Amino acid sequence: MNKLLLGDNLEILKTLDSESVDLIYLDPPFFSNRNYEVIWGDKGEVRSFQDRWSGGVEHYIGWLKERVEEMHRILKPTGSIFLHCDWHANAEIKVFILNKVFGEENFRGEVVWQRTAVHNDAKKKLAVVSDTIWYYSKGKKICWNPAFTDLTDEAINTRYRYEDEKGRFHLGPIDSPSPRPNMIYEWNGFQSPAKGWRYSKETMAQLDTENKIWYPTDKNKRPRLKLYLEETKGALLGNVWTDIGNVQGHAKERIGYPTQKPEALLERIITMASNEGDVVLDAFVGGGTTVAVAERLRRKWIGIDQSVMAIKVTEMRLKKPQRDLLDLPFIVQLHKYDYDTLRYQDAFEFETWIVQQFGGVANSKQRGDLGIDGKTKDGVPIQVKRSDAIGRNVIDNLKSASERFDKTLFEANKAAGKSIGIIIAFSFGKGAIQEVARLKNHDGVIIELVTVENVVPIAKKPKLTLTCNDLGLNVKKLREIEFVAVGESESGIEFYAWDFNHEVENGFKADVMIDKTGKQTHAFKAGSYKVAVKVVDNEGIESVEIITLKTNGVLETGN
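Read in order, the letters of the sequence shown correspond to residues 454 to 1012 in the working numbering.
So, in structure tokens, the structure goes:
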């Protein structure tokens, strides 16, 4: 299951299985010694910044190296890593981290990404307009899908000099590059090349039928293959990337994250070094570009960050597009969780998630599973009930299901005085508790009752109020409304987000993802709207308030 995980990436990486990830992209905080690297400004990010800067470059390299060592462990033998850095420490990162951990022999290349054009500061010094992305593999065998870029007009005009009724084309070889005795034959009056033709007679006949062979008038010359412009993938890409710029202020993908990387950059890396269904990891998820692109490209993914804001903004970014039936569910793992979100989320997603949180293995089947939702590492069945006040009938059903699930294990655990099954629920009624006691005392059958709160800590939702003020018509004859949201939480408020055309059936789709003040002004045409505001506190717990507006000469509001 795809995961967004809040916490120190070193500690989380240690919990991930060895050889379980196909591709890693990481964009760690650069060693630039500037406080602007504290972007979100929440406690987790500030703590990470302080850890990184408690000593100079030696400490920074040590801080990063222990994380890369864990990444090397979790990479599959065919996996690759792309580490994004700038000039402040790129040499040290290559020599003292990547060469040491991955080995010099597994160095695959240095991508030079020109992220911006030269500005006026180049009059005074040599301008730095590029970043470095180091590319290493874990072993000799890798996943590799060549990348292409668009051909320039000059390249098209220079190379594609021929034209027929199908379009422009250039000529490619039709002779074999290596000796092929079985491909030596005469073709349409042309003698075989010394090493033979590249294709069999059958294939040559098919190419000829499709008019893809160019024939010279001189029989002493050689036929060539027509390679049409419309069929080309473009120009093969090298290691200098100049065709992808930074995320501009007007870009649709921009979310307000200062060091946000462009989706095109991650799309190229992910497409080049992984296939559909592969697992992509970003241990410094930041603004969420890696996991958003991995999701779109049908990869599985894991995103980690120490910042609550990074995790919650990424969650909203993933939910903003209309998700389709092929999109896999994802979980968000915080330090604390609110009751309503857990209690009323999709049942199967919750069952899978809570079993994993308990340390068990979730059942991938949704039917014909005897009501068993997972098992412990010792094989003990786990049943999850997304309900309160679980009754006696659930106990009886689990006892029967456990015996049918694995009778040998059932009898062995019963004889050893161990649990024959576990039930996880939000709370248990008196009847369930009494039946568990009776089974233990009279039948020697132990069933363990576990509340959700004993598996994960549960916190209170922040309080939220929303008011609005009519500012009248603007110069475009649109009605401007000022919105003021006020959130209250014991842990403190982190940020607000806004959905100005909220559709309940599609969920919260943020128009403004990052608002630190809780104040927004928006202009509306005449009509009816639902406006939703979301508040997120320092634990990552959120609340949503919705207000209905009618604007037709005057403003009317309602809930």
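All C-beta atoms, glycine included, are put in the ideal place defined by N, C-alpha and C.
None of the values given here were measured: they were computed from a predicted structure.
Identity of the residues DSSP links to residue i by a beta bridge
| i | result |
| --- | --- |
| D584 | W566 |
| Y790 | I911 |
| F535 | Y478 and Y588 |
| D923 | I934 |
| H703 | H703 is not bridged to any residue. |
| E998 | V986 |
| H975 | I934 |
| L678 | G625 and I666 |
| D968 | Y949 |
| P1025 | Nothing about residue 1025 can be reported from this structure: the residues present for the chain run from 454 to 1012 only. |
| Y615 | F622 |
| T468 | BP columns for T468 are empty, so no partner. |
| W597 | None, per the DSSP bridge assignment. |
Nearest to residue i (by Cα), restricted to the options the options
| i | options | result |
| --- | --- | --- |
| I764 | R751, F549, G740 and K753 | G740 |
| F555 | W540, V766, E522 and V847 | E522 |
| E545 | N1005, D628, G509 and K576 | G509 |
| L919 | V928, A950, V898 and Y589 | A950 |
| S590 | S727, I967, R891 and V814 | S727 |
| P419 | E472, D480 and G882 | Shown here, the chain extends from 454 to 1012; a query on residue 419 therefore has no answer. |
| V732 | L466, K529 and Y513 | K529 |
| I595 | E639, K547, N559 and P782 | N559 |
| I723 | G702, Q713 and V746 | V746 |
| G709 | T1004, G980, K969 and L1002 | K969 |
| L476 | G592, Y513, T585 and R932 | G592 |
| K972 | K987, G980, E958 and P782 | K987 |
| V898 | Y652, D923, K773 and N866 | N866 |
| N673 | G691, S645, L781 and K665 | S645 |
| F948 | P774, I934 and P915 | P915 |
| F936 | R621, D923 and I873 | D923 |
| D990 | T861, I934 and V939 | V939 |
| W694 | E995, V833 and R721 | R721 |
| L781 | L750, L517 and N610 | L750 |
| D896 | L917, K871, P910 and V909 | K871 |
| M454 | Y797, C921 and I755 | I755 |
| V548 | S471, W587 and E992 | W587 |
| I757 | P774, L734 and Q798 | L734 |
Residue i and residue j closer than 9 Å at C-beta
| i | j | result |
| --- | --- | --- |
| K983 | I999 | yes |
| G812 | K830 | yes |
| L459 | V761 | yes |
| P676 | N635 | no |
| E901 | I875 | yes |
| D952 | A985 | yes |
| E519 | L463 | yes |
| V474 | G562 | no |
| D539 | F483 | yes |
| F801 | L795 | no |
| Y638 | K654 | yes |
| M524 | A869 | no |
| Q836 | Q810 | no |
| L551 | I527 | no |
| N692 | V565 | yes |
| H537 | Y478 | yes |
| T805 | D826 | yes |
| R752 | E729 | yes |
| Y681 | F622 | yes |
| S855 | P834 | yes |
| I877 | T904 | yes |
| P910 | K789 | yes |
Continuous alpha helix (DSSP H) stretch holding residue i: start and end
| i | result |
| --- | --- |
| H525 | V510 to I527 |
| Q659 | K654 to T662 |
| K553 | N552 to F555 |
| A868 | K860 to A869 |
| G756 | Unbroken run through G756 is the beta strand (DSSP E), K753 to D758; no alpha helix (DSSP H). |
| G709 | Run containing G709: none; DSSP gives neither H nor E here. |
| T685 | Element bounds for T685: n/a, residue is neither H nor E. |
| V571 | First-last for V571: undefined, no H or E at that position. |
| K772 | V761 to K772 |
First through last residue of the beta strand (DSSP E) which encompasses residue i
| i | result |
| --- | --- |
| N455 | N455 to L459 |
| S981 | G980 to D990 |
| V732 | V732 to D735 |
| A878 | S872 to A878 |
| T904 | I899 to T904 |
Proximity test, residue i beta-carbon vs the ligand ZN heavy atom, cut-off 8 Å
| i | result |
| --- | --- |
| D584 | As for the ligand ZN, it is missing from this structure, which has no ligand bound. |
Within 8 Å, do at least three Cβ pairs link the segment 599-613 to the segment 682-696? yes
Flag this pair as touching only if the segment 938-951 and the segment 846-865 have three or more C-beta atom pairs under 8 Å; answer yes or no. The segment 938-951, when compared against the segment 846-865, does not touch it at the 8 Å Cβ threshold.
Could you tell me whether the segment 875-885 touches the segment 839-846, using the rule of 3 or more Cβ pairs below 8 Å? yes
Would the segment 614-633 count as touching the segment 652-666 if we require 3 or more Cβ pairs under 8 Å? yes
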